[in-house]
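Chemist: Have a look at this one.
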Amino acid sequence: MVRIAKCITTSTSRAAFGFTDSDNIGKLHFVTVQATPSFSNSFPHIFGARSDIPCLIPCAIDQDPYFRLTRDVAHKLNYPKPALIHAKFFPALQGSQSKMSASVDTSAVFMSDTAKKIKDKINKYAFSGGRDTIEEHRALGGNPDVDVAFQYLSFFLESDEELEQIRASYKSGALLTGELKKKCIDVLSMLVADFQARKAAVTDDVLRCYMDHSKPMPWAVANKYVNDGHIASSFELLKIADEKADATGKKKGKKVKAPKPPKQPKEPKVAPAPAAAEPMATAAPATEAKKAQ
Numbered sequence: 246m247v248r249i250a251k252c253i254t255t256s257t258s259r260a261a262f263g264f265t266d267s268d269n270i271g272k273l274h275f276v277t278v279q280a281t282p283s284f285s286n287s288f289p290h291i292f293g294a295r296s297d298i299p300c301l302i303p304c305a306i307d308q309d310p311y312f313r314l315t316r317d318v319a320h321k322l323n324y325p326k327p328a329l330i331h332a333k334f335f336p337a338l339q340g341s342q343s344k345m346s347a348s349v350d351t352s353a354v355f356m357s358d359t360a361k362k363i364k365d366k367i368n369k370y371a372f373s374g375g376r377d378t379i380e381e382h383r384a385l386g387g388n389p390d391v392d393v394a395f396q397y398l399s400f401f402l403e404s405d406e407e408l409e410q411i412r413a414s415y416k417s418g419a420l421l422t423g424e425l426k427k428k429c430i431d432v433l434s435m436l437v438a439d440f441q442a443r444k445a446a447v448t449d450d451v452l453r454c455y456m457d458h459s460k461p462m463p464w465a466v467a468n469k470y471v472n473d474g475h476i477a478s479s480f481e482l483l484k485i486a487d488e489k490a491d492a493t494g495k496k497k498g499k500k501v502k503a504p505k506p507p508k509q510p511k512e513p514k515v516a517p518a519p520a521a522a523e524p525m526a527t528a529a530p531a532t533e534a535k536k537a538q
């Protein structure tokens, strides 16, 4: 983090973020906080001292300036430049012009909400792209591009074909706002219920195991055996882990038994065939014929 901070000047941060003299020093320093995880040697417990592993960063478009600066300083540190995947903004219930807030319960659907609460929020607060009256909606159709229920379905509905059918029906006026919201409620309720069930199955033991930084990791094992210029495949990682386990067993005096070869089926015994009788002579040799004369 310190090395990155030395590569970013105050004037560069001002030009990128519009900082002024009244902004606190934390805003200036936060650029380096964002940039640090972009490089693999920031995680020595996973990648060791390797700094040649490229990073892929999924982020919203508002985070782009931080990582543009990160790409600018990467070559100064002899690190690979990180790559970005820009994600779309997820709108608040009140529409794309407003922002979700953890402190405003009606601005979003939370993963802890009940099915009834999800239904009430969508029906009451989700911004609609429909018309003022049913007659007008049937004649002119709705606007799915601003409708929050449709926007949520574009994220969470699995079938793209079904989503396009909903879009076409809503734009033509065949699908009403209430029907669209009901579809959104069904999809979100199922999603949240599945998440809550999986979360309930996570015990304290599972959490402790997951958060245990001392547990062996195959990536860390690989860094000790694989050259810096080579990225280990999944097969190699498993092979290295097995070799390490075998070596550990031998050090502790444990005998590692080799797998027995599969038994070959016995060939059935066959009695030897009787020897063929020699053919009888049909004519005496010429010399013996003369003696006989």
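Residue numbers for the sequence shown follow our numbering, so the first one is 246 and each next one is one higher.
Note that the Cβ used here is the ideal one computed from N, Cα and C, for glycine as well.
The model shown is predicted, which means the values in this text are computed figures rather than measured ones.
1. Ordered along the chain, which non-local residues of its own chain (more than five positions away) have a Cβ less than 7 Å from that of V437?
2. Return yes when at least one heavy atom of the ligand MN lies under 7 Å from the C-beta of R453, else no.
3. With DSSP as the reference, please indicate the residues paired to P303 in a beta bridge.
4. Going by CA-CA distance only, name the one from S267, Y370, L452, R316 that's closest to P282.
5. Residue ranges of each beta strand (DSSP E) run of no fewer than 3 residues wholly in the segment 265 to 305, ordered along the chain?
6. Kindly give me the distance between the Cβ atoms of F334 and A305, rounded to whole angstroms, as I take these residues to be in contact under 8 Å.
7. Threshold first: 4 residues or longer. Then list the alpha helix (DSSP H) segments lying entirely within the segment 416 to 460, N to C.
8. Going by DSSP, name the residue or residues bridged to G340.
9. Do L433 and G375 come within 8 Å of each other at the CB atom, strictly closer than that value?
10. Roughly how many angstroms separate the alpha carbons of K369 and L398, rounded to a whole number?
11. For the alpha helix (DSSP H) holding H382, just list the boundary residues, first then last.
12. Are the CB atoms of L314 and V278 within a distance shorter than 8 Å?
13. Determine the extent of the alpha helix (DSSP H) in which Q396 is found, giving its start and end residues.
14. Determine, using beta carbons only, whether S352 and L338 come nearer to each other than 8 Å.
15. Going by the beta-carbon positions, is the gap between P299 and A328 smaller than 8 Å?
16. Alpha helix (DSSP H) containing S256: first to last residue?
17. Enumerate in chain order the residues of its own chain whose CB-to-CB distance from L402 is below 7 Å, with the five nearest sequence positions on each side excluded.
18. With 16 as the cutoff for other CB atoms within 10 Å, does A394 come out buried or exposed?
19. V318 by DSSP, collapsed to three states: which one?
20. Put R376 into one of helix, strand or coil per three-state DSSP.
Modeler: On the basis of the coordinates in this document:
1. The residue given as residue 437 occupies position 192 in the sequence shown. Excluding positions up to five away in sequence, the list reads M356, D358, I363.
2. Summarising the ligand content, the structure contains no ligands, and the ligand MN is consequently not present.
3. Taking the first residue of the sequence shown as 1, we reach residue 303 at position 58. Looking at the DSSP assignment, P303 forms a beta bridge with I330.
4. Mapped onto the sequence shown, residue 282 falls at position 37. The candidate whose alpha carbon is nearest that of P282 is R316.
5. Unbroken beta strand (DSSP E) runs of no fewer than 3 residues, entirely contained in the segment 265 to 305, are found at 301 to 305, following chain order.
6. Position 89 of the sequence shown, counted from the first residue, corresponds to residue 334. Position 60 of the sequence shown, counted from the first residue, corresponds to residue 305. About 6 Å separates the beta carbons of F334 and A305, which is inside the 8 Å limit, making them a contact pair.
7. 422 to 445, 449 to 456
8. Locating residue 340 in the sequence shown gives position 95, where the first residue counts as 1. Per DSSP, A337.
9. For this step, residue 375 is matched to residue 130 along the sequence shown. For this step, residue 433 is matched to residue 188 along the sequence shown. No. Outside cutoff.
10. For the purposes of this step, residue 369 is identified with residue 124 of the sequence shown, where counting begins at 1. For the purposes of this step, residue 398 is identified with residue 153 of the sequence shown, where counting begins at 1. Rounded to whole angstroms, K369 to L398 spans 17 Å at the Cα level.
11. As a working mapping, residue 382 is identified with position 137 in the sequence shown. It spans 379 to 385 - the alpha helix (DSSP H) in which H382 sits, taken as one unbroken run.
12. The residue you call residue 278 lines up with position 33 of the sequence shown. The residue you call residue 314 lines up with position 69 of the sequence shown. Cβ atoms of V278 and L314: not closer than 8 Å.
13. Within the sequence shown, numbered from 1, the residue matching residue 396 stands at position 151. Residues 393 to 401.
14. By one-based count along the sequence shown, residue 352 stands at place 107. By one-based count along the sequence shown, residue 338 stands at place 93. Their beta carbons are under 8 Å apart, which means S352 touches L338 by this criterion.
15. The residue labelled residue 299 in the question sits at position 54 within the sequence shown. The residue labelled residue 328 in the question sits at position 83 within the sequence shown. Yes, the Cβ-Cβ distance between P299 and A328 is below 8 Å.
16. The sequence position of residue 256 within the sequence shown is 11, counting from 1. Per DSSP, S256 belongs to the alpha helix (DSSP H) from 255 to 262.
17. Numbered from 1 along the sequence shown, position 157 holds the residue referred to as residue 402. Only L408, V432 meet the Cβ criterion.
18. As a position in the sequence shown, residue 394 is number 149, starting the count at 1. Label assigned to A394: buried.
19. Within the sequence shown, numbered from 1, the residue matching residue 318 stands at position 73. Three-state DSSP puts V318 in a helix.
20. Here residue 376 is taken as the residue at index 131 of the sequence shown, counted from 1. In this structure, R376 counts as coil in the three-state DSSP scheme.
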